[in-house]
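What follows is a set of notes on a single structure, which appears directly below.
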Ligand code: PEP
Ligand code: MG
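Residue numbers (the UniProt record's numbering): 318 to 643.
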């Protein structure tokens, strides 16, 4: 089975009726690029940069970041990469947040983009490194945990300022690096239509989207039974985001765990997704499902799933649809 899956790594993720889906890898470290390439990823759909920051008690310098990003970009040999700005906080704490920053509800607190906007020097340093490294490949920048348009506009303004500063110093940069937002807060999903006018792409972060939609801590085992990508509320939010992206003609992909689970591949295909990003080892199974699927059937399935009342019913429906393929 392993042999069959690895032989298929070079084949496109294309349905039986000829619809192409691009499959990307999620990475945290440069050495994971090799696994992405081995399993036939079209590029990196999510590079989580916070791990650079979690290694040491002090933040990485611009030069250290420039080197790290450059290494990842170069190892992709021209394939596209989406680099996410710092997503610190909640489950990704680090010591230099300072003892004074203890929060009663860190998941609802100063994390991710909120943290970057509150610490402009840290944010600018990362953006300088990213924009400098971006000349070496097909790079896009992604902001995590965006809740409001105002946050997006502020982040975009900082990117503009940093680019102008670098150019004034004599750096030659790409004309424009595409900017996108993670859709992982229900507020952003509900406002997707507005966000789509102001960004180049969406990346749906289902891990946090499930947590915030159902009010279930993604790390709390005592309420883990409530935490489900199959919950109809989550499915509906994703459908809204895809529809908004289609309407405005921007790219949309899923980079949360749901995007790498074979169980949801048909649903996401049927909803209109043509790009999924996942840990590299999950690429073969998802590719296999796509290669065994038909778009018309997936569309019917997605519409049917959206009409159901409970996660349990959705899972039963998707399992039944997957059985003939796997
Ligand atoms: C997500 O929330 O779905 C996501 C991809 O980001 P992370 O798991 O790093 O929060
Ligand atoms: Mg997230």
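Virtual Cβ for every residue (Gly too), placed ideally from N, Cα, C.
All figures in this text were calculated on a predicted structure; none of them were measured in a lab.
Inter-segment contact for the stretch 525-536 and the stretch 485-497 is absent: fewer than three beta-carbon pairs are separated by less than 8 Å. At the C-beta level, residue 396 and residue 359 come within 8 Å of one another.
Set against 7 Å, the gap from the CB of residue 595 to the closest heavy atom of the ligand MG is not smaller.
Taken through DSSP and simplified to helix, strand or coil, residue 445 comes out as helix. Put simply, the backbone Cα of residue 600 is about 8 Å away from that of residue 342. Using a cutoff of 7 Å, the CB of residue 343 does not count as near the ligand MG, since none of the ligand's heavy atoms is closer than that.
Separation of residue 387 and residue 364 (C-alpha to C-alpha, rounded to the nearest whole angstrom) is 13 Å. Residue pairing of residue 593 in beta bridges, as defined by DSSP: 340 and 571. Annotation: residue 524 to residue 572 spans about 9 Å, alpha carbon to alpha carbon. Put simply, the residues with a CB less than 5 Å from any heavy atom of the ligand MG are 501, 522 and 525, in chain order. Sequence-distant Cβ neighbours of residue 446 in its own chain, meaning closer than 7 Å and more than five residues away, are 379, 382, 383 and 386.
Here residue 610 really is in contact with residue 583; their C-beta atoms are around 6 Å apart, less than 8 Å.
Bounds of the alpha helix (DSSP H) holding residue 587 are 579-588. Using a cutoff of 7 Å, the CB of residue 573 counts as near the ligand PEP, since one of the ligand's heavy atoms is closer than that. For residue 451, same chain residues with a beta-carbon under 6 Å away, outside a window of 5 residues either side, are 491 and 494 in chain order. Taking a C-beta distance under 8 Å as the contact criterion, residue 521 and residue 456 do not qualify as a contact pair.
Beyond the five residues adjoining it in sequence on each side, residue 551 comes within less than 6 Å, by CB distance, of 527 and 530 in the same chain, given in chain order. Assignment of residue 452 by DSSP, reduced to helix, strand and coil, places it in the helix class. Under DSSP, no beta-bridge partner is assigned to residue 555. The alpha-carbon of residue 484 is positioned some 10 Å away from that of residue 449. Checking the 7 Å criterion, the Cβ of residue 363 is within range of a heavy atom belonging to the ligand PEP. Secondary structure remark: continuous alpha helix (DSSP H) runs of at least 4 residues inside the stretch 366-409, in chain order: 367-371 and 379-392. Residue 420 carries a coil assignment under DSSP once its states are collapsed to helix, strand and coil. When DSSP states are grouped into helix, strand and coil, residue 345 belongs to the coil group.
Per DSSP, residue 520 is one residue of the beta strand (DSSP E) stretching across 518-521.
In this structure, DSSP gives residue 333 a state outside helix and strand, which the three-state scheme calls coil.
Boundaries of the alpha helix (DSSP H) around residue 469: 466-485. For residue 404, the shortest separation between its Cβ and any heavy atom of the ligand PEP lies below 7 Å.
Of the other Cβ atoms in all chains shown, 16 or more fall within 10 Å of the Cβ of residue 440; this residue is therefore buried. Taken atom to atom, the span from the alpha-carbon of residue 544 to that of residue 502 is near 15 Å. Residue pairing by DSSP places residue 497 opposite 459 and 518 in a beta bridge.
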